[in-house]
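Participant:
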Amino acid sequence: MDRIRIVGGNPLVGTIPISGAKNAALPLMIASLLTREVLTLENVPRLADVNLLMRILGNHGVDYRIEGKRTGDGPYAGQTMHLDASDIVDTTAPYDLVSRMRASFWVVAPLVARMGRAKVSLPGGCAIGTRPVDLLLMVLEKLGAQIEIESGYVIAEAPKGLRGAEITFPKVTVGGTHTALMSAVLANGHTVVHNAAREPEVRDLADCLVKMGAKIKGAGTSTLEIEGVGSLHGARHAVLPDRIEAGTYAMAVAMTGGDLLLQGATAAILPGALEILAQTGAEISSTSEGLRIRRNGSGIMPVDVTTEPYPGFPTDLQAQFMALMTRAKGTSRITETIFENRFMHVQELARLGAHIRLEDDTAIVDGVARLKGAPVMATDLRASVSLVIAALAAEGETLVHRVYHLDRGFERLEQKLEACGAEIERVSDAG
Ligand code: EPZ
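Letter by letter, the sequence shown follows residues 20 to 450 in the numbering used here.
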């Protein structure tokens with residue numbers, strides 16, 4: 020199994036191209052199930068989760084083609100993917116595929132909306148919390164689907180089609196909002212969604228659906244209005260830049276010091292996190308090419324953070340921010356309100372010398388003068404990258420195990436960091 024070896028201490032200086040967002044690409048690819056025509060997605064990141072979803076969609080009968088490189092494409096140019104779901108041959112998403120990636124459960128919505136039936140394995144728990152799907156099922160039931168749960172599978176049926184309804188989410192859910200969008204666009208009549216997620220990835224999905232012929236108002240706000248249409252058509256859409264990847268590298272340079280241009284990133288997609296980062300002492304400016312983040316030799320100021328739905332501070336940057344706070348000049352409190360168990364990185368950061376204690380949903384981080392390299396391992400994607408960030412600022416060598424977590428969501432992480440001065444390499448057991 021591969022590991023990543025990092026020798027810390029170098030500032031990060033240079034340009035990092037930001038890839039297309041994983042969490043936008045996945046629902047966009049799933050949206051291809053809604054039409055018989057070809058959906059073309061540009062700027063799709065090269066990630067293990069994208070490859071796995073292609074397999075899952077392939078199982079339903081979706082043909083896909085990835086365009087070859089074009090003259091002038093840089094090494095980090097995103098992929099252009101053509102998805103053709105003209106012939107859906109199977110409406111079942113089996114356990115062995117769905118259990119490997121929770122977002123694949125979202126196929127339930129377009130399958131019921133277009134085919135009138137879906138049988139999808141329950142995704143089960145995962146390392147960051149219990150993550151139920153009750154609100155996704157609530158959406159389908161409101162829209163008139165009959166839901167049964169049998170032997171670990173959700174069977175959703177609406178043989179006469181879905182019908183518009185009023186949906187109020189008791190809490191903000193990204194997956195629930197994706198489900199509402201992808202089912203209501205083909206429902207008969209009008210749907211109103213209250214307390215919808217406002218994440219940029221939800222807006223990206225809505226924008227793409229509109230290009231496919233859907234009628235959606237209010238994308239990016241907490242109230243969505245959808246007028247169902249009889250069918251959707253093909254479209255071409257570019258995946259938006261990955262705000263979590265951008266935020267991760269921003270935390271990294273805030274920690275190591277240096278000067279990074281995050282090419283393609285915009286301040287608009289990272290409102291909560293950039294404000295906090297500025298309070299820690301990082302200098303942030305927008306250029307025509309992207310976001311520039313700098314920190315000179317001055318110390319890192321401690322800042323308290325609470326994760327919230329967009330536009331608040333994202334849970335997907337909580338672990339990375341905690342890494343930064345381990346070197347702050349004082350104590351910070353980091354409260355996680357989205358997922359109850361998203362502190363698995365705490366004990367690993369402690370292996371690098373961090374002082375962190377947990378009180379319920381809050382981590383109290385006492386900044387230390389130095390971290391020291393060690394072997395570490397993580398249990399989820401964002402936790403893994405927090406260890407990489409900490410290792411970049413630690414003295415000596417760190418080996419990060421279970422690299423497959425990183426490959427799920429960070430495109431060419433080592434190459435991007437190495438190009439900016441980091442001493443980082445992937446080592447395989449054979450090597
Ligand atoms: C999406 O997960 C993201 N995944 C997550 O990113 C992200 O952390 C999360 O949104 C929050 O921003 C993708 O986009 C693929 P939710 P999702 O439904 O949609 C509860 C990463 O690292 N809830 O917004 O699954 C849930 O338990 C991943 O890239 C219910 O109670 O998250 C949580 O407490 C990890 N019932 C809260 O809502 C439900 O039916 C928000 O979850 C659904 C959710």
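In this text, a Cβ means the ideal position worked out from N, Cα and C, and glycines have one as well. Nothing here was measured: the structure is a model prediction, and the numbers come from that model.
Count the other CB atoms within 10 Å of the CB of Leu102; is the residue buried (16 or more) or exposed (fewer)?
Facilitator: buried
Participant: Which residues mark the beginning and the end of the alpha helix (DSSP H) in which Lys230 is found?
Facilitator: 219-230
Participant: Check whether the region 119-129 and the region 238-248 touch, using three or more Cβ-Cβ pairs below 8 angstroms as the test.
Facilitator: no
Participant: Helix, strand or coil for Met181, going by three-state DSSP, please let me know.
Facilitator: Residue identity differs from the one stated: residue 181 is Leu in this sequence, not Met. Correct three-state label for Leu181: coil.
Participant: Note down, in chain order, each residue of its chain lying with its Cβ closer than 7 angstroms to the Cβ of Leu293, except the 5 sequence neighbours on either side.
Facilitator: Ala286, Ile303
Participant: From the DSSP output, in three-state form, read off His364 for me.
Facilitator: helix
Participant: Could you give the distance in angstroms between the alpha-carbon of Ile357 and the alpha-carbon of Pro328?
Facilitator: 8 angstroms
Participant: In this structure, what does DSSP give as the bridge partners for Arg427?
Facilitator: DSSP, once it has assigned bridges, lists no residue as partnering Arg427.
Participant: Quick one: residues in its chain with C-beta nearer than 8 angstroms to the C-beta of Val152, no 5 flanking neighbours on either side, listed in chain order?
Facilitator: Phe124, Leu141, Pro142, Val173, Gly194
Participant: With a 10 Å radius around its C-beta and 16 neighbouring C-beta atoms as the bar for buried, classify Glu430 as buried or exposed.
Facilitator: Burial call: buried.
Participant: Measure how close the beta-carbons of Ala238 and Leu310 come, nearest whole angstrom, since I'm counting them as under 8 angstroms.
Facilitator: With 8 angstroms as the limit, Ala238 and Leu310 do not qualify as a contact, their Cβ atoms being about 23 angstroms apart.
Participant: Could you tell me if the beta carbon of Pro94 falls within a distance shorter than 7 angstroms of some heavy atom in the ligand EPZ?
Facilitator: no
Participant: Any idea if Thr187 is buried or exposed, counting beta-carbon neighbours within 10 angstroms, 16 or more meaning buried?
Facilitator: exposed
Participant: Alpha carbon to alpha carbon, how far is Met201 from Met100? Give it in angstroms, no decimals.
Facilitator: Distance between the alpha carbons of Met100 and Met201: 20 angstroms.
Participant: Measuring CB to CB, does Leu251 end up less than 8 angstroms from Thr59?
Facilitator: At the C-beta level, Leu251 and Thr59 stay beyond 8 angstroms of one another.
Participant: Can you give me the start and stop residues for the beta strand (DSSP E) that Lys234 sits inside?
Facilitator: 234-236
Participant: Buried or exposed for Leu425, going by 16 or more other Cβ atoms inside 10 Å?
Facilitator: Buried is the label assigned to Leu425, since at least 16 other Cβ atoms lie within 10 Å of its Cβ.
Participant: Is the beta carbon of Asp153 within less than 7 angstroms of some heavy atom of the ligand EPZ?
Facilitator: yes
Participant: Beta carbon of Pro36, beta carbon of Gln282: below 8 angstroms?
Facilitator: yes
Participant: Assign Lys88 to one of two classes, buried (16 or more other C-beta atoms within 10 Å of its C-beta) or exposed (fewer than that).
Facilitator: exposed
Participant: Note down, in chain order, each residue of its chain lying with its Cβ closer than 8 angstroms to the Cβ of Gln339, except the 5 sequence neighbours on either side.
Facilitator: So the list reads Gly266, Thr267, Met270, Ala271, Arg401, Val404, Ser405, Ile408, once near-sequence residues are dropped.
Participant: Which two residues bound the contiguous beta strand (DSSP E) that contains Ser304?
Facilitator: 302-305
Participant: Terminal residues of the continuous beta strand (DSSP E) containing Val158?
Facilitator: Element bounds for Val158: not the beta strand (DSSP E) but the alpha helix (DSSP H), 153-161.
Participant: CB Lys230 to CB Ala254, shorter than 8 angstroms?
Facilitator: yes
Participant: Alpha carbon to alpha carbon, what distance is there between Asp261 and Gly428?
Facilitator: 10 angstroms
Participant: My output table needs one value for Val127: the three-state DSSP class, helix, strand or coil.
Facilitator: helix
Participant: Classify Thr350 as buried or exposed, calling it buried when 16 or more other Cβ atoms lie within 10 Å of its own Cβ.
Facilitator: exposed
Participant: On the three-state DSSP scale, how would you describe Gly77?
Facilitator: helix
Participant: Within 8 angstroms, do at least three Cβ pairs link the region 218-227 to the region 156-166?
Facilitator: no
Participant: To the nearest angstrom, report how far apart Gln337 and Leu205 are at their CA atoms.
Facilitator: 36 angstroms
Participant: Quick check: the Cα distance between Thr354 and Met134, rounded to an integer number of angstroms?
Facilitator: 42 angstroms
Participant: From the DSSP output, read off the bridge partner residues of Asn207.
Facilitator: For Asn207, DSSP records a beta bridge to Arg182.
Participant: CB-CB under 7 angstroms to Leu71, same chain, minus the five flanking residues each way: which ones, in chain order?
Facilitator: Arg119, Met120
Participant: Buried or exposed: which applies to Ser19, given that a residue is buried once 16 or more other Cβ atoms fall within 10 Å of its Cβ?
Facilitator: As shown, the chain starts at 20 and ends at 450. That puts residue 19 outside it, with no answer to give.
Participant: Got a sec: does the ligand EPZ put a non-hydrogen atom nearer than 7 angstroms to the Cβ of Asp335?
Facilitator: yes
Participant: Using CA atoms only, rank isn't needed, just tell me which of Glu246, Asp226, Ala233, Arg74 is closest to His209.
Facilitator: Of the listed residues, the one whose Cα sits closest to His209 is Glu246.
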